[in-house]
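Shown next, in C-alpha cells, is the structure this report addresses.
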Amino acid sequence: MKKLNKYIVTQIMIGFLLVTFSLMSIIWLTQSLRFVELVTNKGLPVILFVKMTSLLMPRIFVILSPIALFVAILFVYNRMLSDRELVVMKAAGISPWAGAKPAIYVGIFMSFFNIYTNNIIIPAAEKAFNELEWEVKNDVSHLMFREGEFTTLQYNLTVFITTHEKDGSVSGILVNDERDPDSKMSISAEKGRIVYTDKGPRLIMVNGVRQEINKKSGQFSSLSFDRYSVDFGSQNKTKEKETGAREKTLWELLNARSDPSLTPAEVNRYIVEGNKRILTPLYNLVFALMACTGLLVGNFNRRGQNKIISMSIISMVAVQACDLIFGNLAAKHLYWLPLLYLNFILPLTACIYLLLFYNPAFFVHRKKPGELMDD
Numbered sequence: 039m040k041k042l043n044k045y046i047v048t049q050i051m052i053g054f055l056l057v058t059f060s061l062m063s064i065i066w067l068t069q070s071l072r073f074v075e076l077v078t079n080k081g082l083p084v085i086l087f088v089k090m091t092s093l094l095m096p097r098i099f100v101i102l103s104p105i106a107l108f109v110a111i112l113f114v115y116n117r118m119l120s121d122r123e124l125v126v127m128k129a130a131g132i133s134p135w136a137g138a139k140p141a142i143y144v145g146i147f148m149s150f151f152n153i154y155t156n157n158i159i160i161p162a163a164e165k166a167f168n169e170l171e172w173e174v175k176n177d178v179s180h181l182m183f184r185e186g187e188f189t190t191l192q193y194n195l196t197v198f199i200t201t202h203e204k205d206g207s208v209s210g211i212l213v214n215d216e217r218d219p220d221s222k223m224s225i226s227a228e229k230g231r232i233v234y235t236d237k238g239p240r241l242i243m244v245n246g247v248r249q250e251i252n253k254k255s256g257q258f259s260s261l262s263f264d265r266y267s268v269d270f271g272s273q274n275k276t277k278e279k280e281t282g283a284r285e286k287t288l289w290e291l292l293n294a295r296s297d298p299s300l301t302p303a304e305v306n307r308y309i310v311e312g313n314k315r316i317l318t319p320l321y322n323l324v325f326a327l328m329a330c331t332g333l334l335v336g337n338f339n340r341r342g343q344n345k346i347i348s349m350s351i352i353s354m355v356a357v358q359a360c361d362l363i364f365g366n367l368a369a370k371h372l373y374w375l376p377l378l379y380l381n382f383i384l385p386l387t388a389c390i391y392l393l394l395f396y397n398p399a400f401f402v403h404r405k406k407p408g409e410l411m412d413d
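The sequence shown begins at 39 in the numbering used here and counts up one residue at a time.
Below you can see the structure in the form of C-alpha cells.
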C-alpha cells in the first residue's frame, strides 16, 4: 500500500507542477505587461523588470495552487480509472478513503506550505515589491536618468544628464520644462543633485542659466543663477510609503481594531484579509478531496466519467465563487464572515462523509420494476 500511495503521490505532484508552471507562466506574461513601459520608455535594466515581476509570483502561486492541484488530481484519478487501476484497487478491497489518501497527503502538504507562504513569504515579497516600485517611481536619479540620453519624466518635462558622479551628484544638466501651458522653459546647469521633499524628488542645480519664453506674448527672458531647483516628482507622492494589507502580519490583520489610524472600512478589509490568509491555503485539501471523491465513490463507466467529472468541476467553481462573494460581503459587514468558514467546512465534510460511508447507489440511478418491463 505504501508503494501504491507513493506512486499516486508522484503522479499527482508531477501533474501539479506542470499545471502550476503553465498557469504561472501565462500569469507572469500578463503581469509583466504592466512593467514593459518602465523598460522601454524609462530605460530601466531588464534585471530590475524580472525582479519586480518575480516578486508577484508567491501571491499568484497561493491563488493558483488549489486549482492546479484539483486539475492534477482529477486527471490522475480519471486516468487510473480509465486504465482500470482504480477498478483493480476496489476489487482488492481498498476502500475509497484509502484510495483518497495520496490526494489527502498532497492536499495537507500544500496547505501547510501555502500557510507558510501566505504568512511569511508573501508579506516579505510584497514589502520588497512595494519598496522597489516606490524607488522606481521616485528615485529617478539612479533608475531613470541614463547618461547621454534624454529622459521624459512627466508630460512635457524632459531631462538630459551628461555624467553621474561618484558622490551621487550629476553634471552637464539640461532641462526642458513645458508643463506651464503659457510658457516654455529651458534650463542648463553645470552640476546638480537629487533631494527628496514632501512633494517628491527635486533636482537642485548650481551654476546655470534659465531661459524662458512666453507663448502668448513671445517675450523672452534669460536668468543666470547660482542655485535653482525643479520639482519633477508626483505632487501626491511623499517620501513615506504606506504599508498595505498584504505587507502586514497575520496578528496585525486580525487585531486591526486596535489601530486608531484605520477607518471602519479598512478595519473590515484587514480582518477579512487575515481570515482569508488562514482559509485560502486550506482549500488545497478541500479541492484535493473534491477532485477524487466522485471518481472513487462512483461506479465505473466504460463510456467515461464525464458526468462525475462535470459535477466535480462545477462544485469546485461554485466553492471558489462563493469564497469570492462571501469575502466581498464580509469586507462590507463582518457578520458575513462565518460564511467564509462555512464555505470551507461544508464541502470538506461532504467529501469525508462520502469517502467513509459511501453508498455505490449514490451515483447510480436504479430503474423501477415498471421501467425494466418497458425495456
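For glycine and all other residues, C-beta sits at the position ideal for the given N, C-alpha and C.
May I have the straight-line CA-CA distance separating V114 from A138, to the nearest angstrom?
12 Å
Is the region 156-172 touching the region 106-120, taking contact as three or more C-beta pairs under 8 Å?
no
Look at L291 and Y308 and say whether their C-beta atoms are less than 8 Å apart.
yes
Report the residue from L334, N252, K40 and V47 whose alpha carbon sits nearest the alpha carbon of R217.
Nearest option by C-alpha distance: N252.
G312 - DSSP class collapsed to helix/strand/coil:
Looking at G312 - three-state DSSP - the assignment turns out to be helix.
Between the CA atoms of D269 and I242 - distance to the nearest angstrom
9 Å
Whole-angstrom C-beta distance between N381 and V357, which should lie under 8 Å:
6 Å
In chain order, what residues of the same chain lie with their CB nearer than 6 Å to the CB of N194, ignoring the 5 residues before and after it?
E216 and R217
Take I146 and list the residues in its own chain whose beta-carbon comes closer than 7 Å to its own, dropping the five residues that flank it on each side.
L323
Look up T276 in the DSSP assignment and say whether it is helix, strand or coil.
Here T276 scores only 44 on pLDDT, less than 50, and its place in the model is too uncertain to base an answer on.
Roughly how many angstroms separate the alpha carbons of I211 and S255, rounded to a whole number?
28 Å
How big is the Cα-Cα spacing for K89 and S260?
45 Å
Kindly indicate which three-state DSSP category T189 falls into: helix, strand or coil?
strand
State the Cα-Cα distance for the pair P376 and L384, rounded to the nearest angstrom.
12 Å
Spell out the partners DSSP gives R214 in its beta bridges.
The amino acid at residue 214 is misidentified as Arg; the sequence shows Asn. N214 pairs with T196 and S224.
I need the straight-line Cα distance from N116 to T318, nearest angstrom please.
26 Å
When N337, I346 and K314 are compared against M328, the one with the closest alpha-carbon:
I346
DSSP beta-bridge partners for K229?
S209 and V244
Y45 versus M118 - alpha carbon distance
11 Å
How would you label K52, buried or exposed, when you count the other beta carbons within 10 angstroms and need 16 or more for buried?
Reading off the sequence, residue 52 comes out as Ile, not Lys. Answer is exposed; the Cβ neighbour count stays below 16.
Quick one: Cα of N337 to Cα of Q343, how far?
9 Å
Do you know offhand how far Y266's Cα is from E171's?
Y266 and E171 have their C-alpha atoms spaced approximately 28 Å apart.
Using CA coordinates, which residue listed in P140, A369, M354 and T287 is at the minimum distance from K165?
T287
What is the rounded straight-line gap between the Cα of L86 and the Cα of G312?
30 Å
Please state if the CB of M354 and the CB of F395 are separated by a distance shorter than 8 Å.
The Cβ atoms of F395 and M354 do not sit closer than 8 Å to each other.
With C-beta atoms as the reference, is V144 less than 8 Å away from V47?
yes
In its own chain, which residues sit with a C-beta less than 8 Å from the C-beta of E285, not counting the 5 before and 5 after it?
When the five nearest sequence neighbours on each side are left out, the beta carbons in the same chain lying within less than 8 Å of the beta carbon of E285 are those of P161, E164, K165 and N168, in order along the chain.
C-alpha gap between V14 and L67, whole angstroms
The shown model of the chain, from 39 to 413, leaves out residue 14, and the question about it has no answer.
If you reduce the DSSP assignment to three classes, tell me which class F400 lands in.
For F400, the predicted model reports a pLDDT of 45, less than 50, meaning its position is unreliable and no value from the coordinates is stated.
Can the beta-carbon of D264 be found less than 8 Å from the beta-carbon of N245?
Yes. Within cutoff.
On a Cα-Cα basis, can you pick out the residue from C330, R97, Y373 and I351 that is closest to L393?
C330
Among L71, T387 and P140, which has the Cα closest to the Cα of K41?
That would be P140, whose Cα lies nearest to the Cα of K41.
Quick one: using the 10 Å Cβ neighbour count with 16 as the cut-off for buried, is L112 buried or exposed?
buried
Are T200 and E185 closer than 8 Å when you measure CB to CB?
yes
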